[in-house]
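Peer 1:
Residue numbers (the UniProt record's numbering): 1 to 866.
#1: With residue 555 as the anchor, note down where its beta strand (DSSP E) starts and where it stops.
#2: Under the three-state reduction of DSSP, which class applies to residue 115: helix, strand or coil?
#3: Just grab the DSSP bridge partners of residue 514 for me.
#4: Measure the C-alpha to C-alpha separation of residue 775 and residue 781 and round it to an integer number of angstroms.
#5: Here's a check: name, in chain order, each residue in its chain whose Cβ is nearer than 8 Å to the Cβ of residue 105, leaving out the five neighbours to either side.
#6: Please list, in chain order, all residues of the same chain as residue 2 whose beta carbon is under 7 Å from its beta carbon, the five residues on each side excluded.
#7: If you drop the 5 nearest sequence neighbours on each side, which residues of the same chain put their C-beta closer than 6 Å to that of residue 89?
#8: Does the beta-carbon of residue 405 have 16 or more other beta-carbons within 10 angstroms, so that it is buried, or is it exposed?
#9: Would a C-beta distance cut-off of 8 Å place residue 824 and residue 860 closer than the cut-off?
#10: Report yes or no: do three or more beta-carbon pairs, one from the segment 121–132 and one from the segment 16–33, lie closer than 8 Å?
#11: Contact between the segment 514–525 and the segment 477–495: three or more CB pairs below 8 Å?
#12: Is residue 859 helix, strand or coil when you go by DSSP?
#13: Which residue or residues does DSSP assign as beta-bridge partners of residue 529?
#14: Can you round the beta-carbon distance between residue 287 and residue 28 to whole angstroms, since I take them to be within the 8 Å contact cut?
#15: Taking only three categories from DSSP, how would you classify residue 3?
#16: So is residue 662 buried or exposed if we call it buried at 16+ other beta carbons inside 10 Å?
#17: Rounded to a whole number of angstroms, what is the C-alpha to C-alpha distance between residue 315 and residue 268?
#18: From 600, 687, 668, pick the residue whose C-alpha is nearest to that of residue 674; which is it?
#19: Output the distance between the C-alpha atoms of residue 799 and residue 772, rounded to the nearest integer angstrom.
#20: Note down the Cα distance separating residue 339 from residue 568, rounded to an integer number of angstroms.
#21: Of all the beta strand (DSSP E) runs that stay within the bounds of the segment 616–682, which reach a length of 3 or more residues?
#22: Three-state secondary structure (DSSP) at residue 395?
#23: Does DSSP classify residue 708 as helix, strand or coil?
#24: Would you kindly work out how many angstroms separate the C-alpha atoms of residue 554 and residue 682, rounded to a whole number?
#25: Where does residue 18 sit, in a helix, a strand or coil, going by DSSP?
#26: Who are residue 586's beta bridge partners in DSSP?
#27: For the candidate residues 532, 450, 727, 503, whose alpha-carbon lies nearest to that of residue 472?
#28: Quick check: the Cα distance between residue 495 and residue 319, rounded to an integer number of angstroms?
#29: If you draw a straight line from the C-alpha of residue 794 to the C-alpha of residue 811, how long is it?
#30: Apart from the five residues on each side of it in sequence, which residues of its chain come closer than 8 Å, Cβ to Cβ, to residue 343?
#31: Just tell me which of 528, 605, 535, 585 has its CA closest to the CA of residue 562.
#32: Classify residue 28 as helix, strand or coil using the three-state DSSP reduction.
#33: How about residue 271 and residue 244: do their beta carbons lie closer than 8 Å?
#34: Mark residue 374 as exposed unless 16 or more other C-beta atoms lie within 10 angstroms of its C-beta, in which case mark it buried.
#35: With distances taken from CA atoms, which of 796, 864, 808, 841 is nearest residue 848?
#36: If you reduce the DSSP assignment to three classes, tell me which class residue 850 lands in.
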């Protein structure tokens, strides 16, 4: 059975048992700053388990792609050296949200393993939490598991929690015995850490709510969360012990071996490549790009570790991107988004590899040089820091190298060298604290802003410093939560609305609007007059002028997205956006700068749609139905099962919860003002609409008119006139260089006649009228050629600064060093310098001393040639 067949079989089994099949979510967790990456199947259902989100189903099953390569869950360093560690893996899971519980979950698991997969029961071992008598009874009395293959485990391994507080409960785990030929004891025994007995399925029973004091209270709707690693169960079904021997990896290992031109695929470096291409390709597909912070930095570390292992295999050309095609062949059917993103993934990987190739080679040489001078088995911390700081080596890459050579790192020394950078990194980190969970309020706020810009409403809560308070008074800043609001909270790139909340003479200025804890809309601002307290009747009014400008820019963003895909290709995917009142910014995947002709075509398409003045419509529909109908899902957005579909004629269809114009013509005018690169494979367009676009055109029109008048030509001839001036300027610069060279030659002849002879060396120290360093160097070169054996110092003053150039002919550098000579002169004019033995440069700040300093040169030469 192939891995693909196994994945399909699992989903079909639970679909037949009334589970809704839910597609894998992105590797970037939506609205969850506590996680760097999606690392388990339950992540996309977290808000459902917490009661913050309702789904139209109570049973679900999924095959979730996961990454564990950063933060708390980090398996990166072990990948390649063990049979089951991966940076990327697929988690098969079935879930119950207050529907079935322990009995059904256990029976489902046992039926799938023994009835569908036909695994021998004598190979299966079961563990339960030692206080979970209910699960124990189900396993022993209903399933009939042999007590000899059953273990009671304490809370360390068999009690799961979402955090220090909140939903938690006991687990039951199913293990597979890989046979006597592999070391290790059964679960619960002293040798349980061996590789013989491998956990293949974990069933978590969310049964309690843990309070801050540790008290456990029964949940009103107990739930089930299970997880079974596809790679592990595939190894069992395919009769192999190592995950790297399953079909998914065999093809990737063969492809990597072909690239590296090695025959034996049982190689730790090949395993690293086969694993890392999966995490890298899917991370890039989901919108992560290499960078120096956050998720992008983790991706960069994984890529660089893969490149280092390719280097270890003897590969010197770019190669890693070539594994994307065989990966698509293996996993493209299950994840078509990977196939669609293949060109971009290959480009990003190739560019990152090209960027790192040179530093890798230099860094490896530095590391090998340091190893030769080492005594003992510890690589010094300053060496680790040098590799990290100067050559961009992640520490785990150096540790990887050390591990292969039986060495360890001096991490204390490294940490001392890194302390300042680490402090900055911690201060800038966005991960680890979920601020949206700081306040829990049993209230709701209905959004009416799609149709209203003003709303009669009531204050539902008042917050200050993140905590509920009785009231806010004049001059105080805080947050108001209303029962109904027309204010749009920042989302999907659209900035939050601004405006006012009035209650009689009381006035609250809304400076920003944000969304926290599900649909709770926060009106952030300050009281400019009076007081605000809970229960106060009020009128909320959006700044209509700013709202309309935002709507124009947001609708234009949708038109721009469609135009980009039509002009550049279907690979274009949104990578981020900003929709503000004064401008719009749109980031998208593309591999090269957009040409002027392409930008003109894109802009023309958008303006054609504006002139067509098609209606802008929105409707709610099931997400799957919307996607099938061609609606584009936007990067970084979290969508429920029912979504808002925004259409602009038949030109643009996207999922969007934002504010838009009523007709495309309301945008007025669309003007692109810049196109730049922001990361590998990501471009950015900034544009204006409406009055702002008109003002931009008028400003540029005035500039053109001014240039036309100054050039004394019509606008149509302006481009030709500028080209003529540029060509004339280049011609004059060439003529100037020719005359300078001729003048330098004449000057050189004159200067050569002033040289004196000291112990067989022609010595010349002279001041030259305003000259730049290049001109002085050219003169020194000419003089050395004319004088034969010589030591020369030329000085010049320009803009009240001294420039000194010293030159010594090759036959005299054993006695006279140009660097020493120029420095001896420089200190006398308030400066210093240095350089090679035959040519050196210096500067100074005291021009008044230059003549005297140059006169000292002959005596200095006499002392050094005596």
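Quick reminder that beta carbons are idealized off the backbone N, C-alpha and C, glycines included.
Peer 2: Quick answer:
#1: Per DSSP, residue 555 belongs to no beta strand (DSSP E); it is in the alpha helix (DSSP H), 544–568.
#2: helix
#3: 522
#4: 10 Å
#5: 94, 96, 203, 205, 224, 226
#6: 247
#7: 66, 229, 231
#8: exposed
#9: yes
#10: no
#11: yes
#12: helix
#13: 507
#14: 6 Å
#15: helix
#16: exposed
#17: 15 Å
#18: 687
#19: 11 Å
#20: 18 Å
#21: 616–622, 642–648, 652–655, 670–679
#22: helix
#23: helix
#24: 20 Å
#25: coil
#26: 577, 685
#27: 532
#28: 42 Å
#29: 20 Å
#30: 571, 591
#31: 605
#32: coil
#33: yes
#34: exposed
#35: 796
#36: helix
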